[in-house]
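Student: Just so we're aligned: 162 in numbering that gives the first Met the number 0 is position 163 of the sequence shown, and the numbers increase by one with no gaps anywhere. Note that the Cβ used here is the ideal one computed from N, Cα and C, for glycine as well. The following block contains the structure, expressed as structure tokens.
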Amino acid sequence: MSQPRTSRADAARRTRARVLTAAREQMVLHGPDIGMDEIAGAAGLAVGTLYRHFPAKADLVAAVVAEYVERVADDAEAACERVTAGSRALDEITAFLGRVIEASARDRAVKAAAHALGADPGDKVAEDRASRAVATLLLAGQADGDIHPDVTVGDIYLLFATVPADQPAAARARWLALMLPGLTTHPRPTPRDRRHPVPGSRQGAGAKGET
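Right under this line is the structure:
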């Protein structure tokens, strides 16, 4: 009896994973108002099967958001492991921030749906894992003298909350380059790439005679 139950449980997990992947992809492609019928079709499932797993769209969106938080926690913990193995904390923090920012841009429709539906992922375990890992990265960077001693996990979350997720990739990269000096003890280097000037600057206003 245990083997059939195990097989059913495995099948249910695979179905759930298919649904979450399809839901995330469909919301990214078509926006937060995508219907459950369309998500079921993209997952290759009958809509009734989808509703057995997720009785309401808010439940599905909450699960997609929870999966996103899990990925962030996994990523932060992997960065901690690399620091323990000898990687420079500042490099890992910078790369981690960049990955989260790009993920936020890809999944902004999911977040819009969660906000509209009042979906609460409720995954405090993953949130705590992510917070602990980010705190560990910051402590390592502070011990190296690269991160300001007053920077906290809350500051990193504030950074994430203000990401210009609806802007092009080049603008997001520029935004991060401008934000990082607020976290680090290093002055901001003079940018060599002036193809994406800051709005309102002389260059952005069409200044001539500069290369």
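Closest to valine 109 by CA distance: which of Ala11, Thr20 and Val27 is it?
Tutor: The shortest Cα separation from valine 109 among Ala11, Thr20 and Val27 belongs to Val27.
Student: So who's on the other strand from threonine 183, going by DSSP bridges?
Tutor: Per DSSP, Ile146.
Student: Could you check which residue in Ala75, Leu59 and Val99 has the C-alpha nearest to that of threonine 161?
Tutor: Nearest of Ala75, Leu59 and Val99 to threonine 161, Cα basis: Val99.
Student: Report yes if the C-beta distance between glycine 144 and alanine 57 is below 8 Å; otherwise report no.
Tutor: Not a contact, by the Cβ cut-off of 8 Å.
Student: Determine the DSSP secondary structure at arginine 87, reduced to helix, strand or coil.
Tutor: Arginine 87 falls in the coil class under three-state DSSP.
Student: Helix, strand or coil: how does DSSP classify phenylalanine 159 here?
Tutor: Three-state result, phenylalanine 159: helix.
Student: Quick check: the Cα distance between valine 71 and serine 103, rounded to an integer number of angstroms?
Tutor: Answer to the nearest angstrom: the Cα atoms are 10 Å apart.
Student: Comparing C-alpha positions only, which one of Asp32, Ile155, Ala78 and Leu49 sits nearest to proline 180?
Tutor: That would be Ile155, whose Cα lies nearest to the Cα of proline 180.
Student: Can you tell me which of the three DSSP states alanine 62 falls into?
Tutor: If DSSP states are grouped into helix, strand and coil, alanine 62 belongs with the helices.
Student: Excluding the five sequence neighbours on either side, which residues of its own chain have a C-beta within less than 6 Å of the C-beta of isoleucine 38, listed in chain order?
Tutor: Within the same chain, isoleucine 38 has close Cβ partners Ala21, Ala22 and Gln25.
Student: Just to confirm my understanding: we take threonine 93, look at its own chain, exclude 5 residues before and 5 after, and list those with CB closer than 7 Å. What are they?
Tutor: Around threonine 93: Leu179.
Student: Would you check if the distance between the CB atom of leucine 137 and the CB atom of alanine 78 is smaller than 8 Å?
Tutor: Not closer than 8 Å, so no.
Student: Determine the direct distance from the alpha carbon of alanine 16 to that of valine 68, and round the result to whole angstroms.
Tutor: Rounded to the nearest angstrom, the two C-alpha atoms are 15 Å apart.
Student: Put glycine 215 into one of helix, strand or coil per three-state DSSP.
Tutor: Within the shown structure, residues of the chain are numbered from 0 to 210, placing residue 215 beyond reach of any answer.
Student: Return yes when the Cβ of alanine 55 is within less than 8 Å of the Cβ of valine 18, no when it is not.
Tutor: No; because the gap between Cβ atoms is not below 8 Å, this pair is not in contact.
Student: Looking only at its own chain, which residues have a Cβ that is under 7 Å from the Cβ of valine 82, when we skip the five neighbours before and after it?
Tutor: These residues qualify, in order along the chain: Ala88, Glu91, Leu136 and Ala139.
Student: Is the beta carbon of leucine 96 sitting closer than 8 Å to the one on leucine 175?
Tutor: Result yes, Cβ atoms of leucine 96 and leucine 175 sit closer than 8 Å.
Student: Does glycine 97 come out as helix, strand or coil in the three-state DSSP assignment?
Tutor: Here glycine 97 sits in helix by DSSP.
Student: Go ahead and pull the three-state DSSP assignment for glutamine 141.
Tutor: If DSSP states are grouped into helix, strand and coil, glutamine 141 belongs with the helices.
Student: Are proline 163 and alanine 169 touching if we call contact CB-CB under 8 Å?
Tutor: No, the pair does not count as a contact, with Cβ atoms beyond the cut-off.
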